[in-house]
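Undergrad:
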């Protein structure tokens, strides 16, 4: 069965600091991996996705993520966080059919 | 429409009543998903449709939950004899393709409160 683990439920960073959100997945074959963001009062929006090819993928809003097969990880990074990045971030794994989401990481940005 | 539309956006009901939640996917999207989002629980997969068929109903919490999709478009999630633990935001998403799940486009959700 496919699953996603996001070990950090809540993270606080200072504006301008770097960010890394962790994601580990379990899937029996090459996975399709996603990061979604849910801003307060808004729906979920796709940040980036990995299907194949280059293991470092670029997304919107300056985010990137790196697929590491050996570690079953797909961590999300941003070099410099902005106050508007405060939101909840969901990692997801898709197989040939359904997409399974992690529990989410809530990001707080302090001035 | 331009995006995924869900109705009602908010629903307050009494315990034991039935509720219907509706989802209008993006035109042309063959895959449709229902998720439930509860506080601290992330997105819980309920069911997905490929066309009008539902190959995987494993996520439905109990036999009080059912869903259908007609014409490869609109989907309805029905909860019978609602319980307080059914209170959550129910999210619908559609996707152009099933392969890899595709990119999911989410609606704003239907917030259900069971008193």
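Chains as they are written, first to last, in my numbering: chain U, 25 to 135; chain D, 119 to 233. The beta-carbon is built from N, C-alpha and C at its ideal position, and this holds for glycine as well.
1. Whose C-beta lies closer than 7 Å to the C-beta of residue 208 of chain D among residues of the same chain, with five residues either side of it excluded?
2. Quick check on residue 204 of chain D: does DSSP put it in helix, strand or coil?
3. Which chain D residues are close to residue 91 of chain U, counting only those with a beta carbon under 9 Å from its beta carbon?
4. Rounded to a whole number of angstroms, what is the C-alpha to C-alpha distance between residue 68 of chain U and residue 224 of chain D?
5. Tell me whether the beta-carbon of residue 101 of chain U lies closer than 9 Å to the beta-carbon of residue 114 of chain U.
6. Can you give the beta carbon distance from residue 199 of chain D to residue 142 of chain D, rounded, assuming they're within the 8 Å contact cut?
7. Would you verify that the beta carbon of residue 98 of chain U is, or is not, closer than 9 Å to some beta carbon of chain D?
8. Going by DSSP in three states, residue 229 of chain D sits in which element: helix, strand or coil?
9. Tell me which residues share the same chain as residue 167 of chain D and place their Cβ nearer than 6 Å to its Cβ, disregarding the 5 neighbours each side in the sequence.
10. To the nearest whole angstrom, what separates the beta carbons of residue 83 of chain U and residue 107 of chain U, a pair I think is in contact under 8 Å?
11. For residue 141 of chain D, report the span of its beta strand (DSSP E) as first-last.
12. Under the rule that 16 or more other beta-carbon atoms within 10 Å means buried, what is residue 160 of chain D, buried or exposed?
13. Assign residue 108 of chain U to one of three DSSP states: helix, strand, or coil.
14. Should residue 56 of chain U and residue 28 of chain U be called a contact, given that it needs their Cβ atoms to be closer than 9 Å?
15. Around the Cβ of residue 71 of chain U, are there at least 16 other Cβ atoms within 10 angstroms (buried) or fewer (exposed)?
16. Between residue 116 of chain U and residue 126 of chain U, how many whole angstroms is the CB-CB distance? I'm expecting something under 8 Å.
TA: Working from what's here:
1. Within the second chain, residue 208 of chain D is the residue found at index 90, counting from 1. Counting only Cβ-Cβ distances below 7 Å, and skipping sequence neighbours, we find 139, 152, 154, 195, 227, 228, 230.
2. Indexing the second chain from 1 puts residue 204 of chain D at position 86. Correct three-state label for residue 204 of chain D: helix.
3. As a working note, residue 91 of chain U is residue 67 in the first chain. Within 9 Å Cβ-Cβ: nothing; residue 91 of chain U doesn't reach chain D, min ~13 Å.
4. If you number the first chain from 1, residue 68 of chain U lands on position 44. If you number the second chain from 1, residue 224 of chain D lands on position 106. For residue 68 of chain U and residue 224 of chain D, the distance between alpha carbons rounds to 6 Å.
5. Position 77 of the first chain, counting from 1, holds the residue named residue 101 of chain U. Position 90 of the first chain, counting from 1, holds the residue named residue 114 of chain U. Not in contact: residue 101 of chain U and residue 114 of chain U (Cβ atoms no closer than 9 Å).
6. The count along the second chain starts at 1 and reaches residue 199 of chain D at position 81. The count along the second chain starts at 1 and reaches residue 142 of chain D at position 24. The pair is not a contact, with the Cβ atoms about 26 Å apart (cut-off 8 Å).
7. Residue 98 of chain U sits at position 74 when you count from the first residue of the first chain. For residue 98 of chain U, the answer is no, since every Cβ of chain D falls outside 9 Å of its Cβ.
8. Along the second chain, one-based indexing puts residue 229 of chain D at 111. Three-state result, residue 229 of chain D: strand.
9. Indexing the second chain from 1 puts residue 167 of chain D at position 49. Here the set comprises 150, 187.
10. By 1-based counting over the first chain, the position of residue 83 of chain U is 59. By 1-based counting over the first chain, the position of residue 107 of chain U is 83. About 19 Å; that fails the 8 Å criterion.
11. Translated into the one-based positions of the second chain, residue 141 of chain D becomes position 23. Start and end: 137-142.
12. Counting from 1 along the second chain, the entry for residue 160 of chain D is found at position 42. Buried.
13. Translated into positions along the first chain, residue 108 of chain U becomes position 84. Of the three classes helix, strand and coil, the one that applies to residue 108 of chain U here is helix, per DSSP.
14. For this step, residue 56 of chain U is matched to residue 32 along the first chain. For this step, residue 28 of chain U is matched to residue 4 along the first chain. Taking 9 Å as the Cβ cut-off, residue 56 of chain U and residue 28 of chain U do not qualify as a contacting pair.
15. Translated into the one-based positions of the first chain, residue 71 of chain U becomes position 47. Classification of residue 71 of chain U: buried, given that the 10 Å Cβ count is 16 or more.
16. As a first step, residue 116 of chain U is located in the first chain; it is residue number 92 there, counting from the start. As a first step, residue 126 of chain U is located in the first chain; it is residue number 102 there, counting from the start. About 7 Å; that satisfies the 8 Å criterion.
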